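Asks:
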Amino acid sequence: MKRNISLLQGGGDTNNSLNTSFSTNNNSKKFFKPLVASSLALFLSASNINAASSNDTGFYKVSGSNRGEAINFNSNNVTFKDVSISGSNGYKGFSFDSGSGVKNEFKLYFTGSENKWDSNGFSNKGQLDLGQDTIFYSTSGIAMGSNGTGTLTVDMWTAENDNTDRIFTMDLSGVTTTYAFYGNLAVTGSYNGTSENYSHKTFNGIFGGKGIKGNVTLNALGNTNLEFKQGANIDGIITATNGQATIKASDTLTITNIRHGVSTTDATITFDKSANASSLEVKTNIGGIGNGSYNAGALKINFNNETKLTGNIQNGNADNANDFVKNEVSFNGATTSADTIVMKGNIISYGTGYGNVPPDENRGNHVTFTKGSLQGNIEARGRNSRSGFNKVVFGDTNGGQKIKGSVLANGATSQAKNSVSFSSAGSIEGNVEANAGINIIAFGATNGDNSITGNITAAPPGQNTITFSGNNNSIGGSVSTTGGTNTITFEASSNGEQKNTIGGINASAGINKIIFDASNSDNIIKNNITANASGGYSDVYNIITSKSGITFENTSSISTGISNGWGSNVKNIFDITGTTTFKNDVSIVNKSASAWSISNVYNILKFNGDVSFENGKKIIEITASGSWQNFVNGIPSINILSFEGTNSQNITVGDINKGADNTGNNYIGKNITTGSEKNLKLIDNFATNWSNAEYQANLNLTVENGIFTNKGANYINVKQLTANTITANGGSNNIVTDNSDIKGNISTSSGTNTIIANNGGITIAGGISASSGTNTITVNNTDSTLAINGSITNNAGTNTIKAENGTITITKTGGKIETSGGWVATNTITAKNITIDVNSITAVYTNNNSKSTNTITATESGNITANITAQNKGANNILIKNTATSTPSTPPVSGISTPTLEQITQGLKSLSSLTGNITTNGGTNNIVFENKIWMPSQVKVSNNIMNLEGISSGTLTTTGGTTNLVLRQAASSTTNGIIPIYTVKTTGGTANLVMQGPVNVEADIDYGTSGITNLIFASNNDGKTADEFKNGVAG
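Residue numbers (the numbering used here): 1057 to 2091.
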């Protein structure tokens, strides 16, 4: 086919002109063939093209790698007229001899195409067909139209089967002071062809001076190569619609914006530094169009060979996120060090197209840093219900790449998403924030340091999923959620031991899940852990699990609660295998101030290994408290500490329930939890079986101050307990140990204290008191001792003190055992062996319908030093049994025929179960001494009555009520003329004195007109109602 090389023209303004002739003798189709190996080689040498005349502007043939003779198109001439723009006269514009002005639009078909613009409305347009390799050269800036607003179109259209190599070079490198090109430049050519035949077509543009003032459109399947001399820039927008382009420059290249042309095809731009240039910084923004097409292609931009970007990579914009374009950007500096900043700017996505759906992960921003680091934020945002998406890959396998900025997923109502991965060690020097968005971050190093220096936050319904795999991983700030979810996993490293560090952990709504998954890592939490909801939030969790222990470095508080409103399921959950170390004093607190309905507020700490406190540090308090509404609804705040380790541990706690009102429940033991992660909870029926040995922690627990409850319950099952005071002001304290050492008082007011020692004893340095409450203190082990150095008092409550196979000692100078007041008050003291040395044992009541009772039972031996009083219908039931001996002690001082009074006194003390006086004043005293006597204050020795100095005992006074006193002997306790003398005074009520067996005593009996004294001598009783008295007569 014959190709006509023609030139079309339209009207325009007149101007001075520089004429260039073009030959039209082109019918032989002898096109010029370049003398270079490739189009790229010509592009690299284009800047060396030498002009025959430095002032020429026009089209030239190619001579080797240089500019040859001017192309003469015979009768068709192109005129370049002077154009002045903004006071600058250094520009030339396209025109024709027959025209009257410069052309606003001009098109160059450099492959010799027959395609033409439609002639309709063709005013101020022109076009030229070139059929050979051509160089356009000018040392003057080229202006499109009289004001530089027109467009030059370079069209490399090619026929479908045309594989002919064709090159067009526009060399404006000689321009120095003005813009090299003032107007819009469009590179086109994609119709009716394939990437294969278009690959033979190349356009080279070389720009000096200030570069280009105008927009550049890249829409050609052929090769487009643009080079900018130092100081030359693009003061306009690059729109890439199709094909591929390479842009080179030295030092710095500034471009207003680079964006996709919203076509269905992909477009690629590669930036590289010019030959002999040390570096290139491209200053521009990429993307950011508002509306796109659902079938839009991708914008692919490569920064090669030390090339850097200063500017944003953006998908969509803040006004309209309907951008379907995929921005693919890669930084490929071969020699760039990992921490060299290759991009200064933000990676932002506002939307990937359709609204009300998750982001399309095949669109958005896809950025790869093969080398180098980012200084800026990665932001996935949302607009108009559309969701942004960023995928950022740091691919340097040597590690050390950085994000000097934050990773933000702030989609508002949408689910914007960031996916960030490091092939090796990396760092984020900023925050990670998910607000109605998702961040997925993976640090892939097996050997290296990974870090996030800032805070990690998740707001509803945001999600952060972060995975660490390196040897040294750290989060410098806190991990917090206000309604979202944070999942942070420290995976096992394949390259030895790990160190993992995290700051504080806070949840006011939502879930924080921290997983230390390596079995040989050093895991550190450096601040407080808090789960505290308000305003109706539920399902608030901090879940921390570890396979290799945790060290709490600066942690002073592990706390949970609901501060106001209603809510449920607010929990701190720790499941720690390995050693747990506290380097600071810490408080474990569960406090809910809300008066509304709340439930399931927990601190759960499961220690599957040793627990230690460095340098004398301790738990300041373990406190669970709530509002009155908690207890109305039966849903207390709860702390659970389960110590699963087999080694003996020493733990010091300042207080259990410090200064708290409306306390909840505290559980301390072993094997007391079931489930895992958010379903970890207290085992079923623990309140029934809490004292079982299987729940005993191998723990030496010291509570420096007090164990307190008010309405709630404390359950403590440990090996050894040392505590100051134990107080139940409502609620209950339930304590079981092998041994307990209580340094202060045990008291209850409308509550319950249950204290058990299964394999050892209990020492109580203070007193025991019950006021409308119950104290139950039990020693179960054979021959163990329950030692009380204080008074036992009861005001309408119950004290039960038992060592049925052991010994109870109650000693207190000036102390007392007393029941009084209220409805029912009971003291019950039972042991195999009992020693009591107090001032008094008293039962008294203050209510006509009340029952006030002291019951003391020694089943093998007992010795009481106290005055015993029952008044106002109070009752003392005292049974002291001693082992019967076949040989009585005769005389009291063996081997001495005439003992001294002091020796007699000491001998009688050893035979006595009671030293003290007995008084009944309107109450009842039931006292039985078996195989021992009551210590007298006088004795008869050989018919001589002797007073025992310093002894106040042996006087029974009944002024009202009933006294039943039984002296039961299997054999006589005293012989050789030594007879105890008692004083019996009955001025009211009834006194029954029962002497059973060989009892040898003497009594001085005084009685009044209203009192009754019954002396009963018996050899035995019926065995059925032993030691029971009815109507004043022994049963």
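Note that CB positions come from ideal geometry on N, CA and C, so glycine has one too.
Bear in mind the structure is a predicted one, so any value in this text is a computation, not a measurement.
(1) Need the endpoints of the alpha helix (DSSP H) that GLY1701 sits in, please.
(2) Whole angstroms is fine: what's the gap from SER2075's alpha carbon to THR2046's?
(3) Could you spell out the range, first to last residue, of the alpha helix (DSSP H) harbouring THR1744?
(4) Taking the C-alpha atoms as reference points, what is the distance between GLN1554 and ASN1503?
(5) The beta strand (DSSP E) spanning VAL1885 covers which residue range?
(6) So, is ASP2062 buried or exposed, given that buried needs 16 or more other C-beta atoms within 10 angstroms?
(7) In whole angstroms, what separates the C-alpha of TYR2038 from that of ILE1694?
(8) Which stretch, first to last residue, makes up the alpha helix (DSSP H) that contains GLU1958?
(9) When the Cβ atoms of the segment 1277-1287 are set against those of the segment 1251-1260, are three or more pairs found closer than 8 Å?
(10) Under 8 Å between the Cβ atoms of ILE1660 and VAL1709?
(11) Let me make sure I understand the geometry here. Which of GLU1485, ARG1437, ASN1756, ALA1784 has the alpha-carbon closest to that of GLN1776?
(12) Looking at GLY1204: is its Cβ nearer than 8 Å to the Cβ of LEU1241?
(13) From the DSSP output, read off the bridge partner residues of GLU1485.
(14) With distances taken from CA atoms, which of ALA1301, ALA1922, SER1194, PRO1517 is nearest GLY1245?
(15) Pick helix, strand or coil for ASN1253, following the three-state DSSP scheme.
(16) What are the residues that DSSP puts in a beta bridge with ALA2074?
(17) Thinking C-beta only, is THR1320 closer than 8 Å to GLY1353?
(18) Tell me, which residues are paired with LYS1181 by DSSP?
(19) From the DSSP output, which residues share a beta bridge with ASN1563?
(20) Mind checking which residues open and close the beta strand (DSSP E) that includes SER1319?
(21) Are the CB atoms of GLY1846 and ALA1813 nearer to each other than 8 Å?
(22) Anyone know if the C-beta pair for SER1194 and LYS1148 falls short of 8 Å?
(23) Helix, strand or coil: which one does DSSP assign to ASN1735?
(24) Keeping to the same chain, check which residues put their C-beta closer than 6 Å to that of GLY1428; ignore five residues upstream and five downstream.
(25) Rounded to the nearest angstrom, what separates LYS1266 and ASN1145 at their Cα positions?
(26) Report the CB separation of ASN1761 from ASP1711 in whole angstroms; it is logged as a contact under 8 Å.
(27) Between which two residues does the beta strand (DSSP E) containing MET1991 stretch?
(28) Cα separation between THR1909 and ILE1873?
(29) In chain order, which continuous runs of the beta strand (DSSP E) of length 3 or greater are located wholly inside the segment 1374-1447?
(30) Give the secondary structure of GLY1787 by DSSP, where H, G and I count as helix, E and B as strand, and everything else as coil.
(31) Give the C-beta separation of GLY1807 and ALA1784 to the nearest angstrom, bearing in mind that I take them to be a contact with Cβ-Cβ under 8 Å.
(32) Tell me the DSSP secondary structure of ASN1610 in three-state form.
(33) Skipping 5 residues on each side, what residues in its chain have a beta carbon closer than 6 Å to that of THR1312?
(34) DSSP three-state label for ASN1754, please.
(35) So, is TYR1350 buried or exposed, given that buried needs 16 or more other C-beta atoms within 10 angstroms?
(36) Just verifying my parser: in three-state terms, what is the DSSP assignment at GLU2058?
Replies: Let me spell this out:
(1) Here GLY1701 belongs to no alpha helix (DSSP H), and DSSP marks it neither H nor E.
(2) 22 Å
(3) 1742-1745
(4) 9 Å
(5) The question names Val, yet the displayed sequence has Ile at residue 1885. Counting along the chain, the beta strand (DSSP E) containing ILE1885 begins and ends at 1880-1900.
(6) exposed
(7) 59 Å
(8) 1957-1967
(9) yes
(10) no
(11) ASN1756
(12) no
(13) GLU1485 pairs with nothing; no bridge assigned.
(14) Nearest in C-alpha terms to GLY1245, of all of ALA1301, ALA1922, SER1194, PRO1517, is ALA1301.
(15) helix
(16) GLN2052
(17) Going by C-beta atoms, GLY1353 is nearer than 8 Å to THR1320.
(18) According to DSSP, which records beta bridges pairwise, LYS1181 is partnered with GLU1161.
(19) The sequence given here places Ala at residue 1563; Asn does not occur at that position. The partner list for ALA1563 (beta bridge, DSSP) reads THR1537, ALA1587.
(20) Going by DSSP, SER1319 is part of no beta strand (DSSP E) at all; its letter is neither H nor E.
(21) No. Outside cutoff.
(22) yes
(23) Correct three-state label for ASN1735: helix.
(24) PHE1387, GLY1389, THR1392, THR1396, VAL1398
(25) 15 Å
(26) 5 Å
(27) From DSSP, MET1991 is part of no beta strand (DSSP E); its letter is neither H nor E.
(28) 11 Å
(29) List check, beta strand (DSSP E) in window: 1382-1388, 1397-1400, 1403-1405, 1420-1425, 1429-1431, 1434-1439.
(30) strand
(31) Their Cβ separation, rounded to whole angstroms, is 3 Å, which keeps GLY1807 and ALA1784 in contact under 8 Å.
(32) coil
(33) GLY1292, ILE1293
(34) strand
(35) exposed
(36) strand
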